[in-house]
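S.K.:
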Amino acid sequence: MQVKFDEVLIPEEKLNRVVAESMDEIYKGCKKKKSYQRFLYRIAVLIGIIILSGSLVISNASVLPVLAEKSSFFKKIFEKVQGESQYGGDYDKNAVQTDGITSETTEDLRFEFSEVVCTSQSMTYSIQITSQKGFPEEAMKESTNESDSEGKWMYLVGTQSADFLKDTIEEENTYDMPFIKGHYEDENTFIGTMRVDFNRYPFDGNEIPQHFIWSLKINSILYPNVETGVMEKLLTDGDLKFEFYVDRQNLGEKIVKVNKVSPSGWKITDITLTPYEMIVNEEYDEANTQKGYEQPDSIREIWTDADGRILHNKVGSFMIEGYNMSNVTVYYMPTPDEDSNTIIMEYIYQENHTDAEIQNYLEENCVSKQEISLE
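Under the numbering used here, the sequence shown has 263 at position 198, and the numbering climbs by one with no breaks.
The following block contains the structure:
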């Protein structure tokens, strides 16, 4: 699959949600964790010797840019943009300064990573992009589209990799590249956040080490043109290269064992809860498939929080900011054909029903449900 950005129309907010909810049917699969030896890259001892003696000569020149970049740029951006983040939360409370080669400059643009929060499920960066000549007017222009009401977007085209991975995301797989969500502070400055999901390719199925190196190369940057409804290029033929030393943080995450099976054979093995997301791990259990639901897509899962509010499913990953996560309920809705699935999604997302009305609809029409305590 290749995304042709010059042909992509900007979707409306409700359509975005329907598409996001539908993606879980594509992505489901068994996730097998593999053990990798931890890679210790810190050079704290070496730095200590430099500080104490002041006389050590470093022969490895590759270390010098890293040390220089670490102190060259640091701004508290999260506190300005975390409310616009794809997954909301108080990132500023847990953010640490980025470490590594964290800024790059082209003829016009300066691209800088400032802070990072890294859980076992994702890492989220705060970013500032500055333009000497100013950003295009059509990029900053306010739109009547509902999808623009939650912030501005920039999409990255390039490659990414990590030292513990075998695979590298190539440029043609742009649908798996991170994107930035934020706002323009003025005509020369854009700030935002970028989330890298460890449950997506190429990270899925791999155990995330306590320490690792993540590399990112950006060839082009795209933005939505609110006037034409298509993607435009902010940067073309770029060669921005970044390398980050990442520490996975201990932020009080919780893993809840579930082992409950849907009528169509999808077993919820466990749920991971971080301060920013809920991750549901599932595997297909054909032996426990109920009669009439042999097809994996014959059931649509709809999740609600403890107050009955719909949780938005992004391929098994859920935003939790503002929700009551003491317990969750998954409703198994029958979808024997495409029309039945469309009816369910339209009722939930496009017909302006109240939370209570939606919960009654789910209770009356589900095949079964599972209530799961997260406390």
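Ideal Cβ positions, reconstructed from N, Cα and C, are used throughout, including at glycine.
Rounded to whole angstroms, how far is the Cβ of I192 from the Cβ of L174, which I believe are closer than 8 Å?
M.R.: 12 Å between Cβ atoms; not a contact.
S.K.: To the nearest angstrom, report how far apart N324 and K356 are at their CA atoms.
M.R.: 20 Å
S.K.: Would N253 and F200 qualify as a contact pair, given that the criterion is a beta-carbon distance under 9 Å?
M.R.: Yes, they are a contact pair.
S.K.: Taking the CB atoms as reference points, tell me whether W331 and E318 lie closer together than 9 Å.
M.R.: no
S.K.: For a minimum of 3 consecutive residues, which ranges assigned as the beta strand (DSSP E) are wholly contained in the region 374-437?
M.R.: 382-384 and 392-399
S.K.: Closer than 8 Å is the cut-off here; do at least three beta carbon pairs connect the region 145-160 with the region 168-185?
M.R.: yes
S.K.: Can you check the region 313-356 for any beta strand (DSSP E) of at least 3 residues that lies completely inside it and give the ranges in chain order?
M.R.: 319-326, 331-338 and 342-349
S.K.: So which of T167, Y190 and N290 has the shortest CA-CA distance to E144?
M.R.: Y190
S.K.: Quick check on A227: buried or exposed, where buried means 16 or more other Cβ atoms within 10 Å of its Cβ?
M.R.: Residue environment analysis places A227 among the buried positions, since at least 16 neighbouring C-beta atoms fall within 10 angstroms of its C-beta.
S.K.: How far does the alpha helix (DSSP H) with D362 in it reach, from first residue to last?
M.R.: Counting along the chain, D362 falls outside any alpha helix (DSSP H), and DSSP gives it neither H nor E.
S.K.: If we call anything under 9 Å between Cβ atoms a contact, is G223 one with K298?
M.R.: no
S.K.: Can I336 and V326 be called in contact, C-beta distance under 9 Å?
M.R.: Taking 9 Å as the Cβ cut-off, I336 and V326 do not qualify as a contacting pair.
S.K.: Do E172 and F307 count as a contact pair if the criterion is CB distance below 9 Å?
M.R.: no
S.K.: Grab me the residues of E292's own chain with a C-beta within less than 8 Å of its C-beta, minus the 5 sequence neighbours each way, in chain order.
M.R.: E203 and K206
S.K.: How is the alpha helix (DSSP H) around Y156 delimited, first residue to last?
M.R.: Y156 to N159
S.K.: Got a sec, what are the start and stop residues for the alpha helix (DSSP H) V146 sits in?
M.R.: F143 to V146
S.K.: Identify, in the order they occur along the chain, each residue of the same chain with its Cβ nearer than 6 Å to the Cβ of D372, setting aside the five sequence neighbours on each side.
M.R.: N389
S.K.: Ordered along the chain, which non-local residues of its own chain (more than five positions away) have a Cβ less than 7 Å from that of K434?
M.R.: Once the five neighbours on either side are set aside, the close Cβ partners of K434 are T394, V395, Y396 and Y397.
S.K.: Could you name each continuous alpha helix (DSSP H) segment of 4 residues or more that falls completely within the region 170-220, going from the start of the chain to the end?
M.R.: 202-205
S.K.: Rank I256, D251, G257 and V261 by C-alpha distance to the C-alpha of P243 and give the top, closest one.
M.R.: V261
S.K.: Is it buried or exposed, E417, if we count other Cβ atoms within 10 angstroms and call 16 or more buried?
M.R.: It should be pointed out that residue 417 corresponds to Asn in this sequence rather than to Glu. It counts as exposed.
S.K.: Does the Cβ-Cβ distance between Y249 and K217 come in under 9 Å?
M.R.: A Cβ-Cβ contact shorter than 9 Å links Y249 with K217.
S.K.: I'd like to know whether the C-beta atoms of P361 and S329 end up nearer to each other than 9 Å.
M.R.: Pairing P361 with S329 gives a Cβ-Cβ distance under 9 Å.
S.K.: Helix, strand or coil for E149? Go by DSSP, reduced to three states.
M.R.: In this structure, E149 counts as helix in the three-state DSSP scheme.
S.K.: Could you have a look at T224 and say whether DSSP puts it in helix, strand or coil?
M.R.: strand
S.K.: Have a look at E342, E428 and N353 and flag the residue whose alpha-carbon is nearest the alpha-carbon of L376.
M.R.: E342
S.K.: Given that a residue counts as buried once 16 or more other Cβ atoms are within 10 Å of its Cβ, and exposed if not, what is K141?
M.R.: Taking all protein chains in view, the Cβ of K141 is surrounded by fewer than 16 other Cβ atoms within 10 Å, so the residue is classified as exposed.
S.K.: For the beta strand (DSSP E) holding Y249, just list the boundary residues, first then last.
M.R.: F244 to D251
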